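Heads up: the structure comes next, in structure tokens.
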Amino acid sequence: MKKPTVGLRLQIWVIKPNGKKRLVRNRWSRSFVQQWIDIWYSHFRNSVSGFTVKRTSGATAGNYYPHAIDTTSPVGVYENSDSMGIVVGSGLAPVDISDYKLQTQILHGSTSGKLFHCKCMAGIAVEESTRKMFDFNRTFMNVSGYDISVSEVGVYARETNSTYYYCFIRDVVGPIVVPSMGGIAVNYGFELSL
Amino acid sequence: MNLNFEVRCYLGDQGKKRRRLVYKKRYDPPVKALFQALIACWTANNLSAYNPVTIKDITNTGRSITFYTTTRWKCNGAAGDNLGPVVGSGTTAVTIDDYKLDTQITHGTGSGQLSFGAVSFNAPQTSGQTRSFEVVRQFTNGSGGTVTVREIGLHMNNEPSSYFYLCLRDVLASAIDVEDTKVLTVTYKIQATA
Chain A
3 MKKPTVGLRL QIWVIKPNGK KRLVRNRWSR SFVQQWIDIW YSHFRNSVSG
53 FTVKRTSGAT AGNYYPHAID TTSPVGVYEN SDSMGIVVGS GLAPVDISDY
103 KLQTQILHGS TSGKLFHCKC MAGIAVEEST RKMFDFNRTF MNVSGYDISV
153 SEVGVYARET NSTYYYCFIR DVVGPIVVPS MGGIAVNYGF ELSL
Chain B
174 MNLNFEVRCY LGDQGKKRRR LVYKKRYDPP VKALFQALIA CWTANNLSAY
224 NPVTIKDITN TGRSITFYTT TRWKCNGAAG DNLGPVVGSG TTAVTIDDYK
274 LDTQITHGTG SGQLSFGAVS FNAPQTSGQT RSFEVVRQFT NGSGGTVTVR
324 EIGLHMNNEP SSYFYLCLRD VLASAIDVED TKVLTVTYKI QATA
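Laid out in structure tokens, this is it:
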């Protein structure tokens, strides 16, 4: 009998300078990390008393209630934020359950070593008789003038109504070369099935 | 894919620590409300795109989930409360669209009832590359007769509303007879492995 699934599919495309896309990774995401479990513990017990969740800054003190944990970009200042949503990096260290950030994050920008972060967006939920799916995705454009190597991807969530960020997911995928004047598109597909 | 919900059931005597494992399933079936709760949570700032998410509660009534009601998803039921682990006597096979137990056993000491204890939690722990926490509830039989449990589930609630949503449901391979004065303990372990 097939075991029920709660997981994330990971797909990555490289965008060539001519705009054509090539699928370079298509597999299950390997890792929710510690903060995912810790946030849900706080949610389920409806309390943060005596318990903290580690932020991407490394700080753990003074935890707020973990309100809605948003991974998509709200309009305005967060649209191009490298603090929340799908993020990318150049680190190759294997995933550890205690990871609380990418090893070496590639920041938003258009200068050397940076990728321009487009808005992190959610797709429409797809429902079948034994499977439910929903995607969220982000495109990163390389306008730095140099090729950039992406080796890790992940998801940072923002605590609603605060500026605290948590790493939920980290995957080591690289290296993947993002050509100058090209880009990389990352899609995480949440899937629940019986 | 590294996330799963494990369920274990134990039978024991009131006031005694010794108990017997009577059921265990490593991959407990998730149902639709869990999927929708995650969408609502992960896209909190963009819920208008879904206009908004509507989740069916255990009374078969669709409830709109807006930005303001995604704050916390909890299952910290008090004694006698419908929130948290629940049990039932139904045998209808699980489908992903289930929104309630087939036939829930209600709280009380009358015939066919079990007394629901308060939900407790075991804080997150890391073992090797696995991070997990547990949700625990005891059901005590004070009915004077045997009560047979054939299905189990987990009810969530979205703060601050008072609606209940079924997020996990399982029909047991073998029924559990809870004799008078005995205690059934249901433990859900939510875990991620890197």
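Chains A and B, in that order, give the protein sequences.
3 is the number of the first residue of the first sequence in our numbering; add one for each residue after it.
174 is the number of the first residue of the second sequence in our numbering; add one for each residue after it.
Just so you know, even glycine gets a beta-carbon here, dropped at the ideal spot from N, CA and C.
All values reported here derive from a predicted model rather than from experimental measurement.
Asked: Cβ contact (3+ pairs, closer than 8 Å) linking the segment 202-215 of chain B and the segment 334-347 of chain B; Found: yes
Asked: CB contact flag (L287/B, N314/B, <9 Å); Found: yes
Asked: Beta-carbon proximity check, G263/B vs V320/B, cutoff 9 Å; Found: no
Asked: Whole-Å CB distance - I278/B paired with G301/B, under 8 Å assumed; Found: 37 Å between Cβ atoms; not a contact.
Asked: Short Cβ contact (9 Å threshold) for V344/B with V267/B; Found: yes
Asked: Under 9 Å between C-beta atoms of I363/B and F306/B; Found: yes
Asked: Nonlocal neighbours in the same chain, by C-beta distance under 7 Å from D271/B, ignoring five residues either side; Found: V204, L339 and R342
Asked: Simplified DSSP state of C168/B, which is helix, strand or coil; Found: Summary: the structure shown does not reach residue 168/B, with chain B confined to residues 174 through 367, and so no result is reported for it.
Asked: C-alpha gap between T366/B and N175/B, whole angstroms; Found: 5 Å
Asked: 7 Å CB neighbourhood of Q209/B in its chain, flanking five on each side removed; Found: V226 and I228
Asked: F53/A: first and last residue of the uninterrupted beta strand (DSSP E) it sits in; Found: Neither: F53/A is in no beta strand (DSSP E) and is coded neither H nor E.
Asked: Three-state secondary structure (DSSP) of Q37/A; Found: helix
Asked: Residues bridged to G326/B (per DSSP); Found: V259/B and R342/B
Asked: contact_flag[the segment 78-93 of chain A, the segment 102-118 of chain A] where n(CB pairs < 8 Å) is 3 or more; Found: yes
Asked: C-beta neighbour in chain A for Q311/B, strict 9 Å; Found: no
Asked: Contacting positions in the segment 12-42 of chain A - beta carbon closer than 8 Å to chain B; Found: W30, S31, R32, S33, F34, V35, Q36, W38, I39, D40 and W42
Asked: For K198/B, three-class secondary structure by DSSP; Found: strand
Asked: Span of the beta strand (DSSP E) around P19/A; Found: Looking at the DSSP string, P19/A is not in any beta strand (DSSP E), and its letter there is neither H nor E.
Asked: Strand pairing of K229/B, partner residues [DSSP]; Found: G235/B
Asked: Selected residue, minimal CA-CA separation from I325/B, among G257/B, D353/B and G188/B; Found: G257/B
Asked: Nearest-angstrom Cα separation, counted from V351/B out to Q311/B; Found: 12 Å
Asked: F208/B at chain A interface by Cβ criterion, 9 Å; Found: yes
Asked: CB contact check: G147/A to chain B, cutoff 9 Å; Found: no
Asked: Beta strand (DSSP E) segment containing P297/B, residue limits; Found: S293 to S300
Asked: Proximity winner among T360/B, A346/B and I269/B, relative to S131/A (alpha-carbon distances); Found: I269/B
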